[in-house]
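Each residue of the sequence shown is one higher than the one before, starting from 225 at the first, in the working numbering. Each residue gets a CB set at the ideal place from its N, CA and C atoms; glycine is no exception.
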Amino acid sequence: MKTVLVKTGRPYEVLIEHGILDRSGEIIAAQRAQQLLDFDYSEGELIAPGKVCIVTDKNVEALYLEETRVSFRAGGFDVCNFVIDGGEYSKTMEVANSLISFLAEMGFTRTDLVVALGGGVVGDLAGFAASMYMRGIDYVQIPTTVLAAVDSSVGGKTAVNLPEGKNLAGSFHQPIKVIIDPGVFDTLPSDIYNQGLAESIKAGMIADRFLFEGFELGSFDIEDVIAKSVAIKSRIVSEDEKEHGVRTLLNLGHTIAHAIEKASAYEIAHGDAVAIGLYTVTKATGAKKLCERVYRTLSLNGLPWACDIPADEILAQIALDKKRRGDEIRLVIPIRIGECEIREYSLEDAKAFLAKGLE
Ligand SMILES: NC(=O)c1ccc[n+]([C@@H]2O[C@H](COP(=O)([O-])OP(=O)(O)OC[C@H]3O[C@@H](n4cnc5c(N)ncnc54)[C@H](O)[C@@H]3O)[C@@H](O)[C@H]2O)c1
Numbered sequence: 225m226k227t228v229l230v231k232t233g234r235p236y237e238v239l240i241e242h243g244i245l246d247r248s249g250e251i252i253a254a255q256r257a258q259q260l261l262d263f264d265y266s267e268g269e270l271i272a273p274g275k276v277c278i279v280t281d282k283n284v285e286a287l288y289l290e291e292t293r294v295s296f297r298a299g300g301f302d303v304c305n306f307v308i309d310g311g312e313y314s315k316t317m318e319v320a321n322s323l324i325s326f327l328a329e330m331g332f333t334r335t336d337l338v339v340a341l342g343g344g345v346v347g348d349l350a351g352f353a354a355s356m357y358m359r360g361i362d363y364v365q366i367p368t369t370v371l372a373a374v375d376s377s378v379g380g381k382t383a384v385n386l387p388e389g390k391n392l393a394g395s396f397h398q399p400i401k402v403i404i405d406p407g408v409f410d411t412l413p414s415d416i417y418n419q420g421l422a423e424s425i426k427a428g429m430i431a432d433r434f435l436f437e438g439f440e441l442g443s444f445d446i447e448d449v450i451a452k453s454v455a456i457k458s459r460i461v462s463e464d465e466k467e468h469g470v471r472t473l474l475n476l477g478h479t480i481a482h483a484i485e486k487a488s489a490y491e492i493a494h495g496d497a498v499a500i501g502l503y504t505v506t507k508a509t510g511a512k513k514l515c516e517r518v519y520r521t522l523s524l525n526g527l528p529w530a531c532d533i534p535a536d537e538i539l540a541q542i543a544l545d546k547k548r549r550g551d552e553i554r555l556v557i558p559i560r561i562g563e564c565e566i567r568e569y570s571l572e573d574a575k576a577f578l579a580k581g582l583e
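Here you go:
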């Protein structure tokens, strides 16, 4: 088993192992019993095993819900589930609200648990509901897409989309554990599998040229890719949990990505939008060789580098980016593979800069 420790305010482990899904409930039951022993919770609070609400979407329900339920029941939990339709359109305040009401109807208390079993949509939504319910209850991430495994399940950013823009309502709420079973990726359609690679290529561009070069050569081991990507994210998040500084680096390509998602009415998936964002921002720097390497790497891994939405429609969405501070916007600029820097632009200058990448 590969283990990565995320050293946030309350540290937690990311466990990566083939077949671990079957043991997920028992692992969490053991952790809760240990928390009790460690007096992590105030004396007299019974935290093990309690109730669990497994949040998932319809596709994942058919594939992995029963196995997960069995494991949590074996861990002694009283299990219920909340199944959403799935897709970006389910990541809304309305769906989060129904989930929060469901927890209340089922009598969940502060010591009960939410489990997010699914991709980034389920993880962001379930984490958001867990952070809101009773001012925050524990949750576990069990990512079932590559994107959720390499990125969204780690770091504690939770969110829902508003009609006005992507991830505009959210919170920082770290999970108590992340359990990754790479075996579940076998059922992913190839496009969804590849979309996850975009976030890992991003991690390589930010901090690990060897990780990037694996993608560039088309030769990598997925378990290794997950462990390396999570380690990079963990290091950055441990240093800057609430994104006051260095965590901004993780937004490489994301200003354009979020704008594209919104401009396409979420027809373009997040991972594909990130891939286009990585290429666009690299092209905007005018560094031809770097741009060529990014283009080749994205193409080789089945990812897009452009879309047919007009540049002005994409740029118009940037004004709504939540990373904007007043009239300033922070962009992450690739310097070389494995190194990026954060630069502040006025909104107009940021648009002019990114327009060069969209030409
Ligand atoms: N919180 C963060 O830090 C963070 C970081 C990056 C992305 N995100 C968010 O993540 C979301 C995208 O996540 P995603 O790409 O995982 O999309 P997703 O959650 O919509 O999943 C994609 C599709 O794959 C299906 N699926 C999931 N697991 C499967 C499996 N094992 N086998 C077969 N089908 C499966 C789902 O049902 C869905 O249809 C976006 O909303 C994005 O904003 C959040």
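To which residues of the same chain is residue i closer than 6 Å at the C-beta, ignoring the five residues directly before and after it?
i: residue 226; result: 240 and 451
i: residue 567; result: 555 and 557
i: residue 337; result: 276 and 362
i: residue 330; result: 304
Under the criterion of a Cβ to heavy atom distance below 7 Å, does residue i qualify as lining ligand 1?
i: residue 416; result: yes
i: residue 581; result: no
i: residue 412; result: yes
i: residue 511; result: no
i: residue 287; result: yes
i: residue 466; result: no
i: residue 447; result: no
i: residue 454; result: no
i: residue 326; result: no
i: residue 476; result: no
i: residue 381; result: yes
i: residue 371; result: yes
For the alpha helix (DSSP H) that residue i lies in, which residues bound it at each end?
i: residue 582; result: 571 to 582
i: residue 401; result: Taken as a continuous stretch (DSSP letters only), residue 401 belongs to no alpha helix (DSSP H), being part of the beta strand (DSSP E) at 401 to 404.
i: residue 188; result: For residue 188 there is no data in the structure shown, the boundaries of the chain being 225 and 583.
Hey, would you say residue i sits closer than 8 Å to residue j, going by beta carbons?
i: residue 474; j: residue 460; result: yes
i: residue 256; j: residue 278; result: no
i: residue 559; j: residue 574; result: no
i: residue 433; j: residue 562; result: yes
i: residue 498; j: residue 580; result: no
i: residue 386; j: residue 317; result: yes
Taking the beta strand (DSSP E) that residue i falls in, what are its first and last residues?
i: residue 227; result: 226 to 230
i: residue 466; result: Counting along the chain, residue 466 falls outside any beta strand (DSSP E), and DSSP gives it neither H nor E.
i: residue 398; result: Premise fails: residue 398 is in no beta strand (DSSP E) and is neither H nor E.
i: residue 381; result: 381 to 386
In its own chain, which residues sit with a C-beta less than 8 Å from the C-beta of residue i, not counting the 5 before and 5 after it?
i: residue 268; result: Note that residue 268 scores a pLDDT of 47, beneath 50, so its modelled location is shaky and nothing firm can be said.
i: residue 314; result: 281, 308, 345 and 349
Tell me which same chain residues have a C-beta within less than 7 Å of the C-beta of residue i, skipping the five on either side of it?
i: residue 588; result: This structure cannot settle anything about residue 588, because the visible part of the chain is limited to 225 through 583.
i: residue 299; result: 249, 250, 252, 253 and 273
i: residue 541; result: 483, 486 and 487
i: residue 347; result: 340, 365, 367, 372, 376 and 377
Examine the Cβ distances between the region 407 to 423 and the region 362 to 377 and report whether three or more of them are shorter than 8 Å. These segments touch.
Just checking, does the region 241 to 254 make contact with the region 282 to 296 on the three C-beta pairs under 8 Å criterion? Remark: three or more beta-carbon pairs, one from each stretch, lie closer than 8 Å, so the region 241 to 254 and the region 282 to 296 are flagged as touching.
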